[in-house]
């Protein structure tokens with residue numbers, strides 16, 4: 001095998017350490033000597049871009065200033081109850097820049113995106129789109145057009161052209177249409193031509209071919225397009241009108257890892273201004289030139305991608321804390337002088353001067369981020385030796401063969417990522433290894449001391465009964481664990497004393513995932529099987545989970561579409577293909593891609 005070390009395994013990709021809070025995770029980089037600069041990834045900054053930080057060292061947060069804004073907001077406020085979700089947001093989005101819109105769950109990112117796209121009216125303020133600037137939106141619901149012809153789905157992306165065409169066709173199809181109706185139809189015909197309607201279908205077909213949708217699907221309904229490819233059709237819809245501004249809300253949701261790689265490459269080849277909501281760190285690093293951080297009801301823009309933002313924001317907090325400490329120290333010195341000499345006639349003038357200096361010193365109050373990181377640790381009692389699990393000639397078939405006569409031997413401490421297209425059979429393989437799936441042929445045998453913990457992709461079945469959080473997790477308490485330990489586990493997973501009295505039925509997808517992490521923590525498993533463990537999670541939870549699994553010394557087998565997660569953890573890759581073949585590769589994800597001539 002290409003480039004393999006003698007022992008036949010590779011360590012996962014590592015990063016150079018940086019001395020910051022342990023929950024932060026990013027790559028360090030050398031100090032930049034000039035501005036503007038080009039960051040990692042394609043088209044990071046333009047030389048002509050006038051978006052510059054207020055102070056270059058560390059890139060502190062600023063409201064974006066640009067000489068060529070295409071979309072801007074003025075004092076946008078959104079209020080649903082007594083407290084505003086966000087208020088007085090004024091920002092300009094520069095031409096050709098790609099902004100990652102980030103923030104804690106519930107801070108209002110999607111609401112702000114809907115306001116930008118004109119789908120929601122703000123409580124106050126306004127949004128301005130420059131004249132002749134066209135806006136496109138990537139829709140989240142991939143199953144909204146199941147009965148619509150694929151070509152029509154794409155052409156709907158040019159809303160004015162589609163509206164003119166459908167209204168015109170309705171008039172022509174109406175047997176009771178009047179002369180006035182036909183006059184209006186003629187006007188619509190002119191608009192249709194102006195928008196390029198007569199070659200629209202050909203252009204839509206060319207766009208579909210360009211993104212890999214075969215011609216045989218073009219005239220059929222969307223339901224015939226595989227789930228992993230529906231997003232490509234919707235992206236073609238968003239790009240059809242050649243938009244100057246593109247809004248993408250969670251574009252990587254429900255995509256497999258290969259589709260996400262395709263999406264990164266596609267977006268990097270477009271010059272549109274983009275505003276993107278995503279929890280995928282690798283995606284944000286690969287695509288974005290700026291990060292727009294929504295926190296405490298305000299929005300601040302930072303130059304660079306996600307890793308650059310993490311570094312710069314941490315440095316800015318450190319600088320501000322140091323500046324405040326120096327200011328407080330100076331104030332204390334001046335106050336001491338005033339106290340000692342204010343009654344001294346010979347130094348009264350100096351004391352008065354010092355008192356005025358105190359008034360001029362400003363200590364800027366700054367809040368730490370509202371984001372919270374759960375504390376996760378997976379520990380175990382018994383260590384495995386020799387082989388963790390052996391799968392011997394296992395076979396599983398449904399309408400097609402998922403895998404056939406597959407053999408697998410896993411060493412203790414290995415970290416195996418199962419990847420592949422949506423619907424290929426990744427979950428089926430993981431369930432087969434766990435033992436809650438009946439095989440057509442073959443056996444799976446775990447080591448005698450193996451204590452296997454399992455996290456399913458669909459967490460709904462884990463919470464069948466209407467019980468409180470405390471009662472649910474208490475059933476997984478081990479002998480010797482007291483109630484204080486169980487409550488502490490919930491607290492470390494960000495559940496408050498009031499939360500644990502709630503019913504598990506009202507939990508969000510991310511909260512259910514954290515509850516299952518708590519179950520696995522209490523179980524002290526030396527083997528973890530996890531199916532899409534980052535689904536529905538915010539950035540902080542994903543980063544905390546990755547750190548916990550990096551420190552986990554047991555055996556890990558997991559399914560994931562998060563490239564950063566896979567790259568940071570896996571030292572072995574199993575690819576499940578739609579042809580029923582399993583590719584077992586002894587190396588990390590970057591080595592796996594290199595073996596295929598990819599990156």
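In full-length UniProt numbering, the protein residues as written are 1 to 599.
Every residue, glycine too, gets a C-beta built ideally from N, C-alpha and C.
Owing to the predicted nature of the structure, the values given are computational and were not obtained by experimental measurement.
Cβ neighbours of residue i in the same chain (closer than 6 angstroms, five flanking residues each side left out)
i	result
residue 605	Outside the displayed span of the chain (1 to 599) sits residue 605, for which this structure offers no information.
residue 143	none
residue 230	142
residue 475	none
residue 178	none
residue 564	281 and 282
residue 223	146
residue 274	98 and 246
Spatial neighbours of residue i in its chain, beta-carbon cut-off 8 angstroms, leaving aside the 5 residues before and after
i	result
residue 405	393, 394, 395, 441 and 442
residue 337	350, 351 and 354
residue 467	503 and 504
residue 85	78, 79, 107, 108, 111 and 297
residue 253	140
residue 117	135, 137 and 247
Beta-bridge partners of residue i, as assigned by DSSP
i	result
residue 419	575
residue 149	221
residue 290	99 and 303
residue 93	71
residue 350	Paired residues: none, contrary to the question.
residue 585	573
residue 128	72
residue 104	Bridge partners of residue 104: none, in fact.
residue 295	298
residue 391	408 and 444
residue 401	397
residue 530	455 and 558
residue 136	246
residue 276	100 and 248
residue 539	DSSP output for residue 539 lists no bridge partner at all.
residue 503	468
residue 78	86
Candidates the options, of which the one nearest residue i by Cα
i	options	result
residue 249	280, 154, 351 and 124	280
residue 221	293, 171 and 148	148
residue 370	591, 540 and 339	540
residue 140	118, 131, 121 and 110	110
residue 94	76, 84, 68 and 112	68
residue 472	452, 488, 310 and 501	501
residue 264	211, 193 and 591	211
residue 83	108, 102, 451 and 72	108
residue 319	357, 298, 358 and 364	364
residue 479	487, 523, 446 and 389	523
residue 189	79, 206, 163 and 313	163
Beta-carbon contacts of residue i that lie in its chain and below 7 angstroms, excluding the five residues immediately before and after
i	result
residue 553	413
residue 237	153, 154, 156 and 157
residue 432	394, 396, 439 and 444
residue 580	400, 401, 402, 403 and 404
Cβ neighbour criterion (16 or more within 10 Å) applied to residue i
i	result
residue 278	buried
residue 226	exposed
residue 290	buried
residue 398	exposed
residue 633	Because the chain in this structure spans residues 1 to 599, residue 633 falls outside the shown range and cannot be described.
residue 361	exposed
residue 301	buried
residue 436	exposed
residue 648	Only positions 1 to 599 of the chain appear in this structure, which leaves residue 648 out of reach.
residue 92	buried
residue 122	buried
residue 272	buried
residue 385	exposed
residue 424	buried
residue 506	exposed
residue 659	Residue coverage of the chain in this structure runs from 1 to 599, which leaves residue 659 outside it and unanswerable.
residue 183	exposed
residue 120	exposed
residue 303	buried
residue 485	exposed
residue 546	buried
residue 656	Residue 656 cannot be examined here, being either before or after the span of the chain that is shown, 1 to 599.
Can at least three beta-carbon pairs, one atom from the stretch 490-501 and one from the stretch 510-523, be found at a separation below 8 angstroms?
yes
Is the stretch 563-571 close to the stretch 580-589, with three or more CB pairs under 8 angstroms?
yes
Would you be able to state if there are at least three C-beta pairs under 8 angstroms between the stretch 451-460 and the stretch 291-306?
no
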